[in-house]
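Numbering (the working numbering), first residue to last: 9 to 170.
All C-beta atoms in this analysis are idealised placements derived from N, C-alpha and C, irrespective of residue type, glycine included.
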Amino acid sequence: MSVETKTNHRSIQLTSQRTPTYPTVDVTCDGKRRAITLTRSELAGKSVLGIYEVPETTAKSMLGALECRLLLPDQQINLPAQLLRAAWAIAPKDASARAGIHPLDGWRCPRAQPIKGNFTTYSGEPCIYHVPGGQLYVKTKPETCYATEADARQDGCRRSKR
9 MSVETKTNHR SIQLTSQRTP TYPTVDVTCD GKRRAITLTR SELAGKSVLG
59 IYEVPETTAK SMLGALECRL LLPDQQINLP AQLLRAAWAI APKDASARAG
109 IHPLDGWRCP RAQPIKGNFT TYSGEPCIYH VPGGQLYVKT KPETCYATEA
159 DARQDGCRRS KR
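This is the structure:
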């Protein structure tokens, strides 16, 4: 799964030496089934990479779903909600959004960007940010860091309730 950051288009990429590139694949989320069309395929060494661009409405429903599965003719692949959010929620919400920067280490953000952002959330939301002095700030391992709350909100995050 990937996101094209300039266009905010989300895609699913399938690669295998054995699996053929299908013209469409189906995804089912919370019982709703949708077809996703092959956008392009590329040769990657001895493997074929099939890239399926996910329409915006389908991506939104997938990000909001409790359970998703990718359905291929010969197998089903579980797409855990946490994995989808982590892979797809990293893109800025609009072209003018200022992306956060990487943390200094597993626990600290740079002094100039002290706000901790997490895209891997258990609340079902795409992103939560924590400000210094917040109840969970010292317990939070940041995935990205922001200079201001406005930058975090522009990147699709909401403030932690604690």
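C-alpha distance - residue i paired with residue j, whole-angstrom precision
i	j	result
arginine 167	histidine 17	25 angstroms
glycine 72	alanine 94	13 angstroms
glycine 142	arginine 116	14 angstroms
alanine 89	leucine 74	6 angstroms
Residues that DSSP places opposite residue i in a beta bridge
i	result
leucine 57	Thr23 and Glu50
aspartate 34	Ala43 and Leu79
Integer-rounded CB distance, given that residue j should sit under 8 angstroms from residue i
i	j	result
glutamine 121	alanine 158	Glutamine 121 to alanine 158, Cβ: 13 angstroms. No contact.
arginine 77	threonine 36	5 angstroms
glycine 114	cysteine 165	The Cβ separation is near 19 angstroms, so there is no contact.
glycine 58	threonine 29	4 angstroms
threonine 23	valine 56	7 angstroms
Of the residues the options, the one placed nearest residue i, counting alpha carbons only
i	options	result
alanine 31	Ala43, Thr23 and Asp38	A small correction: the amino acid at residue 31 is proline; alanine does not occupy that position in the sequence shown. Per the Cα distances, Ala43.
tyrosine 134	Arg41, Lys68, Glu50 and Tyr60	Inspection of the sequence shows that residue 134 is occupied by proline rather than by tyrosine. Cα-wise, what sits closest to proline 134 is Lys68.
Bounding residues of the beta strand (DSSP E) (the contiguous stretch that carries residue i)
i	result
glycine 125	123–126
threonine 152	152–154
Run of the alpha helix (DSSP H) containing residue i, from where it starts to where it stops
i	result
alanine 158	157–162
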